[in-house]
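S.K.: Below you'll find the structure I mean.
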Amino acid sequence: MRSCEVLIVGGGPAGAAAAWRLRRAGVDVLILDRENFPRLKLCAGWITPEVVRELEMDVREYPHRWLTYPRLRMHFGRVQVPVPCVQHSIRRFEFDAWMLERSGAPVEVHNVRRIVADAQGYVIDGAYRARYLIGAGGTRCPVYRELFRELNPRASELQLVTLEHELEYDWREQDCHLWFFANGLPGYSWYVPKERGWLNVGVGGIAQRMKGGGHDIRGHWNHLTRMLHAGFAPGARFEPTGYSYFLRGNVKVVRRDNAFITGDAAGLATPDLGEGIGPAIRSGLRAAQAITAGSDFRLDDVTGKSLTSILRSMFDRPARAGALAGRRGHASA
Ligand SMILES: Cc1cc2nc3c(=O)[nH]c(=O)nc-3n(C[C@H](O)[C@H](O)[C@H](O)COP(=O)(O)OP(=O)(O)OC[C@H]3O[C@@H](n4cnc5c(N)ncnc54)[C@H](O)[C@@H]3O)c2cc1C
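Written out as structure tokens, the structure is:
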């Protein structure tokens, strides 16, 4: 049986952030992920200045696609509001593999199914043993399912359903656009260009409200793509894929003995825009901190409101100047 001090289930942003912090403290860590990286992760790939700070990133050194938006364009019906701010886009395919590699932790491809707790810690599928366990396996995380689900049931009214597609496309419109409540969608749709000819578009809404209101996510997707074909993305061939995850609710139990849950496994995405990368990273770092420093593991404040963070970045002049000057290939101000 393979033994380690800390076993992390899932190598996405939550798991890779935890591993990075633990490895820096010299802890013996192993990550198990059912997929081989780089792997596809459905996500618009919009990240905030907080993420850059928390990962101590030097964006000039980041080796993959990176676009900084000097503004977001928010649409409410026929009204368009340009919001000057600093936000970034990456491709998850690249970003997650980069984070994982930077963590320096060993990674094995393994689909975790069964977790047994005993006096020494945790046994995973009869093949791995660890003193500490971090659940970072996203919405369907087996650590959540086996150890936390009964204590922390997910609220169906917080379930978000999405359709999206990321494709190679020679876009001309370089700003990020968000359309809120178009055609009664209880959520928003997005157009997120990536550096060097990639584009992510999608729609997301609260599943229960869509069902109650007789909405069909496909109908909203068709509405978005008709609009894009007539405007920013003529001739684009869209083939969407669906995914579902949970917005932040009242997450009560995040630690049980030496087992922790983080990121989407705990349901931490922001309640207004469903932004989950930042909360996943923050919670992974906190789990690592709890293990190395023996501190409390609290996630009360890892999820704020995305709109507050966007507004804050409007007034963060040094961040704006630095981000816009920091790297070639960004969108111009
Ligand atoms: C369409 C869409 C658009 C989004 N857009 C944004 C955005 O623009 N910005 C933003 O901040 N957030 C966005 N989000 C949310 C964001 O993607 C997630 O909140 C974030 O990925 C959570 O990170 P995580 O590390 O918790 O989980 P994940 O990124 O899901 O990583 C979990 C990992 O666990 C692995 N795993 C799962 N089960 C097992 C198992 N049984 N055994 C081993 N490994 C396993 C998976 O393979 C995966 O690699 C979006 C989500 C969707 C669906």
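Residues in the sequence shown are numbered consecutively from 1308, following the working numbering. Note that CB positions come from ideal geometry on N, CA and C, so glycine has one too.
(1) Residues in the same chain with beta-carbon distance under 7 angstroms from ARG1358, minus the five sequence neighbours each way, listed in chain order, please.
(2) PRO1389 bridges to which residues according to DSSP?
(3) Helix, strand or coil for ARG1420? Go by DSSP, reduced to three states.
(4) List the residues that DSSP assigns as beta-bridge partners of THR1548.
(5) In the DSSP assignment, what residue or residues form a beta bridge with ARG1436?
(6) What's the C-alpha gap between ILE1431 and CYS1311?
(7) What is the residue span of the alpha helix (DSSP H) that LYS1518 lies within?
(8) Does any heavy atom of ligand 1 sit closer than 8 angstroms to the C-beta of CYS1448?
(9) Do you know whose CA, among ARG1563, GLY1581, GLY1570, SER1620, lies nearest VAL1423's CA?
(10) Using a Cβ-Cβ cut-off of 6 angstroms (strictly less than) and excluding sequence neighbours within five positions of GLU1473, which residues of its own chain qualify?
(11) With H, G and I counted as helix, E and B as strand and the rest as coil, what does DSSP make of ASP1335?
(12) Under 8 angstroms: does the beta carbon of GLY1494 sit that close to some heavy atom of ligand 1?
(13) Is the beta carbon of GLY1444 sitting closer than 9 angstroms to the one on TYR1451?
(14) Would you mind working out which of PHE1545, ALA1537, PHE1539 sits nearest TRP1528, comparing C-alpha positions?
(15) Can you tell me which of the three DSSP states SER1602 falls into?
(16) Hey, how far is the Cα of LEU1645 from the Cα of THR1569?
M.R.: Inspection of the coordinates gives the following:
(1) Within the sequence shown, numbered from 1, the residue matching residue 1358 stands at position 51. Reading off the sequence shown, one finds Val at residue 1358, where the question assumed Arg. Contacts found: ILE1584, GLY1585, ILE1588.
(2) Within the sequence shown, numbered from 1, the residue matching residue 1389 stands at position 82. Answer is ARG1380, bridged to PRO1389.
(3) What you label residue 1420 is simply residue 113 of the sequence shown in a count that begins at 1. Correct three-state label for ARG1420: coil.
(4) For this step, residue 1548 is matched to residue 241 along the sequence shown. For THR1548, which the question treats as bridged, DSSP gives the partners GLU1471.
(5) Mapped onto the sequence shown, residue 1436 falls at position 129. ARG1436 is bridged to SER1310, VAL1430.
(6) In the sequence shown, residue 1431 corresponds to position 124, counting from 1. In the sequence shown, residue 1311 corresponds to position 4, counting from 1. Spanning the two alpha carbons is a distance of roughly 12 angstroms.
(7) Position 211 of the sequence shown, counted from the start, is the residue given in the question as residue 1518. Start and end: 1514-1519.
(8) Taking the first residue of the sequence shown as 1, we reach residue 1448 at position 141. The answer is yes for CYS1448.
(9) Counting from one through the sequence shown, the residue named residue 1423 turns up at place 116. Of ARG1563, GLY1581, GLY1570, SER1620, the residue nearest in Cα terms is ARG1563.
(10) As a working mapping, residue 1473 is identified with position 166 in the sequence shown. So the list reads ASN1507, once near-sequence residues are dropped.
(11) The residue labelled residue 1335 in the question sits at position 28 within the sequence shown. DSSP places ASP1335 in coil when its eight states are reduced to three.
(12) Against the sequence shown, residue 1494 aligns to sequence position 187. It does not: the Cβ of GLY1494 is nowhere closer than 8 angstroms to a heavy atom of ligand 1.
(13) Residue numbering aside, residue 1444 sits at position 137 when the sequence shown is read from its first letter. Residue numbering aside, residue 1451 sits at position 144 when the sequence shown is read from its first letter. Result yes, Cβ atoms of GLY1444 and TYR1451 sit closer than 9 angstroms.
(14) For the purposes of this step, residue 1528 is taken as residue 221 along the sequence shown, with counting starting at 1. With distances taken between Cα atoms, TRP1528 lies closest to PHE1545.
(15) One-based indexing of the sequence shown puts residue 1602 at position 295. The answer is coil: DSSP assigns SER1602 none of H, G, I, E or B.
(16) The question about residue 1645 has no answer, for the chain in this structure spans 1308 to 1640.
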